[in-house]
Amino acid sequence: MKQWLLICLLLFAYSSKAQELYVYTEPASNMAAKSIGFRLNNNFMYQKNSNGYRYMLAPEIMAGVSKKIMLHIEGFLSNMNGDFKLNGGTVYAKYRFFSIDDVHSHFRMAAYMRGSISNLPIQQPAIDLLLMNSGVETGIVATQLIKRTAISTSVSHLYAADNANSHKFSYGNKYRNALSYTISAGRLMLPKEYTSYNQTNVNLMVEALGQTNLYSGKSFIDIAPSVQFIIKSQMRVDIGYRFAMINNLQRNSENGALLRLEYNIFNAF
Amino acid sequence: MKKIFLIIAVLFTATLQAQVTKVSLQASGLTCSMCSNSINKSLQSIDYVEKVMSDIKSSTFNITFKPGANVNFDQLKKKVEDAGFFVANLKAIVQFDNLTVEKDNHYNVAGITYHFLNASGQKLNGEQTIQVVDKGYVSAKVFKKNQLYTQMECYKTGVAGTCCKKTGLADGSRIFHVTI
């Protein structure tokens, strides 16, 4: 089963016209300088314990500070702890430091950093800086485009701090560090021929998202297929679902759906 | 006084006649229409750009300019790079007025200094298409290949240096290396 999925992922990655605008990860490329993007991320997370879904709404603002630097600021509202309320937020910065470019190919690398705050009680040894944990992530991402095929991979270090509201990271200091790794591929399905900016683009993506705790050695690897619509070359609708393929690092919610709406303004400042 | 008017009139017509009228720019490294649109919008933000017609499939942008515009190739390139991409190819249509171009010489045409790499004494008249081949305007391979045309240092730096003394250019002034 695992091998079959891996083969599918590779075949998919090598098929034509891949896209870099991944749903669950960021590519090494940045958004245009002086542009601003707005996102509404809706997460529906299946809870094993309660056998129901929890909802998280994450409004996000993205800005292309320069051609090499971009920023994301995101807030997390959820009903994870009962009532629907603000549970934290995150700031993410990415610096594109390497770029080799030829007519039909490019290779890009970027370094990124994330700082997150969460006021939720610590509930799991897996580190989740997009809601469940306060902490810091530092990583690098590389994206290769050959002709119209793109593959992206990232490796990062995760550090879980104590959460706000005196919620200590209760698993012991040794468990605070984890390695996170991803591989992503995307493919343009429609239009067959580009004729105008008003054509809706349909992209299919598949991504593998993994984490290994550096002390316990326990891991999870999720597979996340998604479909993406780009409307008028300015708006984006992403629909994705992630599910665990390897899962021995305990989490409250493994499977879940994502609905994202995005709107971009070019030359905004 | 009449003389001054005449000089101004002559200068004015010279500028009008010898300017860049159109640029066709191909960007590299993009796969989606949103990326193409970010270049499109970025180019449109230049005040003297009149219209950008984009061919998304080939990532080519055909740019026309407002009358009397002082087109700056470096600014066009910067706008593509601001959008996160690179220039793969930049061709410009330039108005010439009986200009005879020689190898390893520099010519000022409407405020832009050109170095015609493949010049061999040909006379340029009327609208001619030139390709800018400076670093960052072509692929690294093509840039290397074009080194065969000239020994002059200004090709590598894009600015006037010791090699350009005889043509009377100030050190550090911008020279666009082009092929016809």
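In order, the protein sequence lines correspond to chains A and B. Quick note: the first sequence uses the numbering used here, first residue 1, plus one each step. Quick note: the second sequence uses the numbering used here, first residue 1, plus one each step. From the three backbone atoms N, C-alpha and C, an ideal C-beta is built for every residue, glycine too. Note that this is a predicted model, so its numbers are computed, not measured.
By Cβ distance below 7 Å, which residues in the same chain neighbour Leu259 of chain A in space, the five residues on each side in sequence not counted?
Translated into positions along the first sequence, residue 259 of chain A becomes position 259. Counting only Cβ-Cβ distances below 7 Å, and skipping sequence neighbours, we find Asn42, Ile239.
Grab the span of the alpha helix (DSSP H) containing Ser36 of chain B for me, first residue to last.
Reading the second sequence from its first residue, position 36 is the one you call residue 36 of chain B. Counting along the chain, the alpha helix (DSSP H) containing Ser36 of chain B begins and ends at 33–44.
So with CB distances below 9 Å, who are the chain B contacts of Lys34 of chain A?
As a first step, residue 34 of chain A must be located in the first sequence, where it is residue number 34. Per Cβ cutoff of 9 Å: Ser42, Ser45, Asp82.
Can you tell which of A:Leu57, A:Ser180, A:Thr212 has its C-alpha closest to the C-alpha of Lys85 of chain A?
In the first sequence, the residue the question calls residue 85 of chain A occupies position 85. Comparing Cα positions, the closest option is A:Leu57.
The segment 19–30 of chain A: which residues have C-beta closer than 8 Å to a C-beta of chain B, in chain order?
Gln19, Glu20, Leu21, Ser29, Asn30
In the DSSP output, what is Tyr92 of chain A paired with across the bridge?
Here residue 92 of chain A refers to the residue found at position 92 when the first sequence is read from its first residue. A:His72, A:Arg114, per the DSSP bridge assignment.
Below 8 Å, can you find three or more Cβ-Cβ pairs linking the segment 233–252 of chain A to the segment 118–125 of chain A?
yes
According to DSSP, what are the bridge partners of Pro281 of chain A?
Residue 281 of chain A cannot be examined here, being either before or after the span of chain A that is shown, 1 to 269.
Looking at the structure shown, is Lys122 of chain B part of a helix, part of a strand, or coil, going by DSSP?
Taking the second sequence and counting its residues from 1, the one referred to as residue 122 of chain B is at position 122. According to the sequence displayed, residue 122 of chain B carries Gln and not Lys. DSSP places Gln122 of chain B in coil when its eight states are reduced to three.
Alpha carbon of Ala160 of chain A to alpha carbon of Val136 of chain A, nearest angstrom:
Translated into the one-based positions of the first sequence, residue 160 of chain A becomes position 160. Translated into the one-based positions of the first sequence, residue 136 of chain A becomes position 136. Distance from the CA atom of Ala160 of chain A to the CA atom of Val136 of chain A, rounded to whole angstroms, is 7 Å.
Classify Asn89 of chain B: buried if its beta carbon has 16 or more other beta carbons within 10 angstroms, exposed otherwise.
If you number the second sequence from 1, residue 89 of chain B lands on position 89. Answer is buried; the Cβ neighbour count reaches 16.
For Ala28 of chain A and Ala110 of chain A, which I take to be in contact (beta-carbon distance under 8 Å), what is that distance rounded to the nearest angstrom?
Taking the first residue of the first sequence as position 1, residue 28 of chain A is located at position 28. Taking the first residue of the first sequence as position 1, residue 110 of chain A is located at position 110. About 4 Å separates the two Cβ atoms, so the contact holds.
With DSSP as the reference, label Glu81 of chain B as helix, strand or coil.
Taking the first residue of the second sequence as position 1, residue 81 of chain B is located at position 81. In the structure shown, Glu81 of chain B sits in a helix (DSSP, three-state: H, G or I).
Determine whether the beta carbon atoms of Thr113 of chain B and His106 of chain B lie at a separation below 8 Å.
In the second sequence, counting from the first residue as 1, residue 113 of chain B sits at position 113. In the second sequence, counting from the first residue as 1, residue 106 of chain B sits at position 106. For Thr113 of chain B and His106 of chain B, yes; Cβs fall inside 8 Å.
List the DSSP bridge partners of Glu137 of chain A.
Counting from 1 along the first sequence, the entry for residue 137 of chain A is found at position 137. Glu137 of chain A is bridged by DSSP to A:Arg114, A:Leu158.
Is the shortest distance between the beta-carbon of Asn213 of chain A and the beta-carbons of chain B less than 8 Å?
By 1-based counting over the first sequence, the position of residue 213 of chain A is 213. Not closer than 8 Å to any Cβ of chain B, the Cβ of Asn213 of chain A fails to qualify, so no.
The alpha helix (DSSP H) enclosing Tyr155 of chain B, as first and last residue numbers:
If you number the second sequence from 1, residue 155 of chain B lands on position 155. Its alpha helix (DSSP H) spans residues 154–157.
Contact set between Cys154 of chain B and chain A, taken where Cβ atoms lie within less than 8 Å:
Counting from 1 along the second sequence, the entry for residue 154 of chain B is found at position 154. Those within 8 Å of Cys154 of chain B in chain A number zero; the least Cβ separation is about 23 Å.
What residues are listed by DSSP as bridge partners for Val49 of chain B?
Indexing the second sequence from 1 puts residue 49 of chain B at position 49. Per DSSP, B:Phe65.
Identify the continuous alpha helix (DSSP H) that holds Lys57 of chain B and give its terminal residues.
The residue labelled residue 57 of chain B in the question sits at position 57 within the second sequence. Taken as a continuous stretch (DSSP letters only), Lys57 of chain B belongs to no alpha helix (DSSP H), as it is neither H nor E.
Check whether Val133 of chain B and Asn146 of chain B have beta carbons under 8 Å apart
Taking the first residue of the second sequence as 1, we reach residue 133 of chain B at position 133. Taking the first residue of the second sequence as 1, we reach residue 146 of chain B at position 146. Cβ distance < 8 Å, so Val133 of chain B and Asn146 of chain B count as in contact.
Three-way DSSP call (helix, strand, coil) for Asn173 of chain A in this model:
Translated into positions along the first sequence, residue 173 of chain A becomes position 173. Correct three-state label for Asn173 of chain A: helix.
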